[in-house]
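Trainee: Chains as they are written, first to last, in the working numbering: chain L, 3 to 448; chain X, 86 to 483.
For each residue, glycine too, the CB sits at the ideal point set by N, CA and C.
Sending over a structure as structure tokens; questions will come in a sec.
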């Protein structure tokens, strides 16, 4: 009985979080933040005459029945959604009632991303770019969350969040430039494809090591809190990366240090070939939040409105109350992990087709729009044609562009050029002058 | 981190008075009236200490720098006080600056942050959970968001969980983003080097691991005057810096240190004394060993030594060292860290490339052995003045 009670208590935290959606408690005074610094429960003087536990580490009640708390993976934290799989609103009070223009923009960004993915994936197959990662099936998580943020909010990503950048207005030319590592790449050609970054759009450059961004996001949120300028930080990661020690570090720090931060976990079922039942034994990522003292929710990641609502409310409260929120967006990785992966080696085509055909964020939103007369088959056809054209044009431009000057191999290691790097640069230049026929100089900017 | 050994190591540096409250109950550390002390008194061999029980004296004598005149009024400070002074100056001048790490709030296990929380506020000087990868990751985030981040790692021996964040993230942030983002605002501080009884996990000198990492700077001061100036330079530097503080010098090293902020430039080695026969290169505590070795060499062998404090390990001042070796023809490099892959290897390799024809003898490295840092064998392990002296003798007679 006690176990069930404590389990219910644990889920109670999450149920309450799920129910607190649009504008309830938590009054936000403009310009005044609830700055609870070091608001740890001040220890009362210890008193052994009381039958209550006096331990500084935890202050729950005593119990005299031996019972282990069940982790309860069977029922688990419920999945919040606004639309059913056919795009019909279930509970009208949850419909964010976004304008036609906004919803059309959601749809066009998701489909433009999808089109860009198809073309760039194919271009890797043809040897035009070295590597690519698609976002198939997860477009809803990107667009829904990006739309709920302020443009000034700082984004830390993992590698499968290109839609966030696209929503914020990163041009196709710059996506392509990074993938082609050409002279227009803001990253100066130094990283593999899909490692995007944009200072103007507040999207921190992606790095390959997983989960390293999680404690960094906590630190950035802490600095942002001290600035007191109504900014939040969001940190995206997959359910696989959530196993890393850095994830534990980031969750614990953000909760303890009271940071205005949204943790957004894309649980897409696989970490390359590793399915979730080999990644964790508990109830996903959302169930870990309460362990850190963090408000948590699980949402249907393929429902762009559910993602939007949860992110919107989490953002509002994170900034107003200076505490982190954990959103676990359940979705499915329809594509392979990357161009270096063939997922038919570890999952069936039937499984993939189910998600592609019967539970896809793009088709759900299309049904929603069509039901309102906001979109027609003709619109679909002409939009597909137009988006394909713009992507192809950007693609062709990117392909023709030269690569960055090889001098850029040596800059930005430090803020300033150092004598030893300068020497190495000179030695490379001299070498290349002497052996120039062995180096692909004609592909690079002078 | 082993809590008990931290307490033991830090006990040397704590004011004894803090423990007296526990003595009344007859438990805990306590003072003379404690149960433990009473028991010891009953033991026959306890009155006088025999030879076997004598604790070994320090292997060096700290040699203070002359009082500086160019930076304004000075105050007597030991190493940890000079660090506090640098941090105090930083928090005063930069409103974004924050200091964090394990136990920094009450003043730190080595007292480097005493008084700062009260003076500047709980939001600027705060404890973090016990997690080095989190401390450095968090610090990177603070820096990326535009605030000054000063992260403390409690002992350099515990920096390794943060190795990924330092090497794969901090060091590469600017380069990989095409200079869109950087964490130049980050400085990591950690107590470093042997302390007499630190053993495997309270004595390490890990600078060689980080020397291999383009994008960060690694700095090690020899005393309070250098420490404050170098730390302020690291904090001001627009690259992520690691600042190792020789813990054995925290109380032992006392100098007159300017109260106002001042900078000692990074990547500039300092020639502490000029000589003509042998160049001696070291950093941190080992400088004081080398200075004594230089005197011994002059006295007993008539050999004139040029002593160089490298100060910055990465990027290191190749020019100053090579210029010296061109003059003397002989080089001895000494550090506590194990010899294989230690930083002396890098210096040695570069110097033989640049100064091959000037060398009169093979370059000598007097370093720790390729073992973990031992406890009871420390007097045998460390590169003491006799080993260095002997190396000079062999170089001269080569």
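Looking only at C-alpha atoms, which of 331(L), 151(L) and 446(L) sits nearest to residue 308(L)?
Mentor: For the purposes of this step, residue 308(L) is taken as residue 306 along the first chain, with counting starting at 1. With distances taken between Cα atoms, residue 308(L) lies closest to 331(L).
Trainee: Check whether the Cβ atoms of residue 227(X) and residue 189(X) sit closer than 8 Å, and answer yes or no.
Mentor: The sequence position of residue 227(X) within the second chain is 142, counting from 1. The sequence position of residue 189(X) within the second chain is 104, counting from 1. Going by C-beta atoms, residue 227(X) is not nearer than 8 Å to residue 189(X).
Trainee: Would you identify the three-state DSSP class for residue 200(L), choosing helix, strand or coil?
Mentor: To locate residue 200(L), count along the first chain from 1; it is residue 198. Looking at residue 200(L) - three-state DSSP - the assignment turns out to be strand.
Trainee: Verify whether the separation of the beta carbon atoms of residue 480(X) and residue 415(X) is less than 8 Å.
Mentor: The residue labelled residue 480(X) in the question sits at position 395 within the second chain. The residue labelled residue 415(X) in the question sits at position 330 within the second chain. Yes, the pair counts as a contact, with Cβ atoms nearer than the cut-off.
Trainee: Specify whether the stretch 291-311 of chain L and the stretch 377-384 of chain L touch according to this definition: at least 3 beta carbon pairs, one from each stretch, less than 8 Å apart.
Mentor: They do not touch, by the three-pair rule.
Trainee: If you measure between the beta carbons of residue 278(L) and residue 241(L), is that distance less than 8 Å?
Mentor: For this step, residue 278(L) is matched to residue 276 along the first chain. For this step, residue 241(L) is matched to residue 239 along the first chain. Yes, the Cβ-Cβ distance between residue 278(L) and residue 241(L) is below 8 Å.
Trainee: DSSP state of residue 335(L), grouped into three classes?
Mentor: Position 333 of the first chain, counting from 1, holds the residue named residue 335(L). Residue 335(L) falls in the coil class under three-state DSSP.
Trainee: I'd like to know whether the C-beta of residue 318(X) is nearer than 8 Å to at least one C-beta of chain L.
Mentor: Counting from 1 along the second chain, the entry for residue 318(X) is found at position 233. Chain L, which has no Cβ nearer than 8 Å to the Cβ of residue 318(X), makes this no.
Trainee: Taking the continuous beta strand (DSSP E) assigned at residue 399(X), which residues delimit it?
Mentor: By 1-based counting over the second chain, the position of residue 399(X) is 314. Element bounds for residue 399(X): 397-399.
Trainee: In whole angstroms, what separates the C-alpha of residue 296(X) from that of residue 252(X)?
Mentor: Counting from one through the second chain, the residue named residue 296(X) turns up at place 211. Counting from one through the second chain, the residue named residue 252(X) turns up at place 167. Their backbone Cα atoms lie some 10 Å apart in a straight line.
Trainee: Of the residues 207(L), 353(L) and 170(L), which one's Cα is nearest the Cα of residue 188(L)?
Mentor: The count along the first chain starts at 1 and reaches residue 188(L) at position 186. Cα-wise, what sits closest to residue 188(L) is 207(L).
Trainee: Give the DSSP-derived three-state secondary structure of residue 467(X) in the structure shown.
Mentor: Within the second chain, the letter at position 382 stands for residue 467(X). Three-state result, residue 467(X): coil.
Trainee: Out of curiosity, what's the CA-to-CA distance linking residue 99(X) and residue 195(X)?
Mentor: As a working note, residue 99(X) is residue 14 in the second chain. As a working note, residue 195(X) is residue 110 in the second chain. Confidence at residue 99(X) is low in this model, with a pLDDT of 43, below 50, so its placement is unreliable and no value can be given for it.
Trainee: Which value, in whole angstroms, describes the spacing of the CA atoms of residue 112(X) and residue 245(X)?
Mentor: Translated into positions along the second chain, residue 112(X) becomes position 27. Translated into positions along the second chain, residue 245(X) becomes position 160. Unreliable positioning characterises residue 112(X) in this predicted model, as indicated by a pLDDT of 48, which lies under 50. A coordinate reading is not provided.
Trainee: For residue 212(X), name the three-state secondary structure that DSSP assigns.
Mentor: Along the second chain, one-based indexing puts residue 212(X) at 127. In the structure shown, residue 212(X) sits in a strand (DSSP, three-state: E or B).
Trainee: Do you know whose CA, among 418(X), 334(X), 461(X) and 482(X), lies nearest residue 386(X)'s CA?
Mentor: Residue numbering aside, residue 386(X) sits at position 301 when the second chain is read from its first letter. Nearest of 418(X), 334(X), 461(X) and 482(X) to residue 386(X), Cα basis: 482(X).
Trainee: Are there three or more Cβ pairs, one per stretch, closer than 8 Å when the stretch 389-405 of chain X is compared with the stretch 301-308 of chain X?
Mentor: Contact between the stretch 389-405 of chain X and the stretch 301-308 of chain X is present, because at least three Cβ pairs lie under 8 Å.
Trainee: Leaving out five residues before and five after residue 325(X) in sequence, what residues of the same chain have Cβ atoms less than 6 Å from its Cβ?
Mentor: Position 240 of the second chain, counted from the start, is the residue given in the question as residue 325(X). These residues qualify, in order along the chain: 255, 268, 271 and 301.
Trainee: Please report the distance separating the alpha-carbon of residue 98(L) from that of residue 299(L).
Mentor: Mapped onto the first chain, residue 98(L) falls at position 96. Mapped onto the first chain, residue 299(L) falls at position 297. Cα to Cα, the separation comes out at about 18 Å.
Trainee: What does a CB cutoff of less than 6 Å around residue 235(X) pick up in its chain, not counting 5 residues either side in sequence?
Mentor: Taking the second chain and counting its residues from 1, one reaches residue 235(X) at position 150. For residue 235(X), where only same-chain residues beyond five positions count, the Cβ hits under 6 Å are 184 and 272.
Trainee: Sorted by chain position, which residues of the same chain lie with C-beta nearer than 8 Å to residue 106(L)'s C-beta, five sequence neighbours on each side aside?
Mentor: Residue 106(L) sits at position 104 when you count from the first residue of the first chain. These residues qualify, in order along the chain: 371, 376 and 377.
Trainee: Measuring alpha carbon to alpha carbon, tell me which of 315(L), 393(L), 415(L) and 47(L) ends up nearest residue 120(L).
Mentor: By 1-based counting over the first chain, the position of residue 120(L) is 118. Taking only the C-alpha atoms, the option nearest residue 120(L) is 393(L).
Trainee: Which residues, in chain order, does the stretch 212-227 of chain X contribute to contact with chain L at a C-beta distance below 7 Å?
Mentor: Residues passing the 7 Å Cβ filter: 213, 214, 216, 218, 219, 222, 223, 224, 225, 226 and 227.
Trainee: Nearest-angstrom Cα distance between residue 69(X) and residue 152(X)?
Mentor: The displayed coordinates of chain X run from 86 to 483. Any statement about residue 69(X) would go beyond what the structure contains.
Trainee: Mind listing, in chain order, the continuous alpha helix (DSSP H) runs of no fewer than 4 residues lying wholly within the stretch 98-178 of chain L?
Mentor: Taking only runs of at least 4 residues, the alpha helix (DSSP H) segments lying wholly in the stretch 98-178 of chain L are 102-127, 141-150 and 164-170.
Trainee: Give me, in chain order, the residues of the same chain whose beta-carbon lies closer than 8 Å to that of residue 381(X); leave out the 5 immediate sequence neighbours on both sides.
Mentor: As a working mapping, residue 381(X) is identified with position 296 in the second chain. Counting only Cβ-Cβ distances below 8 Å, and skipping sequence neighbours, we find 470 and 474.
Trainee: Among 258(X), 459(X), 220(X) and 239(X), whose alpha-carbon lies nearest the alpha-carbon of residue 193(X)?
Mentor: Translated into the one-based positions of the second chain, residue 193(X) becomes position 108. Looking at the Cα atoms, 239(X) is the closest of the given residues.
Trainee: Mind checking if residue 403(X) is an interface residue toward chain L, Cβ cutoff 8 Å exclusive?
Mentor: Along the second chain, one-based indexing puts residue 403(X) at 318. Yes, residue 403(X) counts as interfacial toward chain L.
Trainee: In terms of residue numbering, what span does the alpha helix (DSSP H) encompassing residue 438(X) cover?
Mentor: Numbered from its first residue, the second chain carries residue 438(X) at position 353. Run containing residue 438(X): 428-440, per the alpha helix (DSSP H) assignment.
Trainee: Closer than 6 Å by C-beta to residue 468(X): which residues in its own chain qualify, once you throw out the five before and the five after it? Chain order, please.
Mentor: Mapped onto the second chain, residue 468(X) falls at position 383. Around residue 468(X): 419, 451 and 452.
Trainee: Mind listing the chain X neighbours of residue 226(L)? Cutoff is C-beta to C-beta under 7 Å, in chain order.
Mentor: Taking the first residue of the first chain as position 1, residue 226(L) is located at position 224. Simply 230.
Trainee: Can you pull the chain L residues whose beta carbon is under 8 Å from the beta carbon of residue 254(X), in chain order?
Mentor: The sequence position of residue 254(X) within the second chain is 169, counting from 1. Here the neighbours are 209, 211, 214 and 218.
Trainee: Assuming residue 159(L) and residue 238(L) are in contact, meaning their beta carbons sit under 8 Å apart, how far apart are those beta carbons, in whole angstroms?
Mentor: To locate residue 159(L), count along the first chain from 1; it is residue 157. To locate residue 238(L), count along the first chain from 1; it is residue 236. Rounded, the Cβ-Cβ distance is 5 Å, consistent with contact.
Trainee: Using alpha carbons as the reference points, say which of 179(L), 338(L) and 80(L) lies closest to residue 350(L).
Mentor: Working through the first chain from its first residue, we reach residue 350(L) at position 348. The shortest Cα separation from residue 350(L) among 179(L), 338(L) and 80(L) belongs to 338(L).
Trainee: Report the residue ranges of all alpha helix (DSSP H) runs contained in full by the stretch 216-289 of chain L; include only those spanning at least 4 residues, in chain order.
Mentor: Runs of the alpha helix (DSSP H) inside the stretch 216-289 of chain L: 247-258.
Trainee: What residue range does the alpha helix (DSSP H) around residue 381(L) cover?
Mentor: Sequence index remark: in the first chain, residue 381(L) carries index 379 (1-based). Where residue 381(L) is concerned, the enclosing alpha helix (DSSP H) stretches over 379-402.
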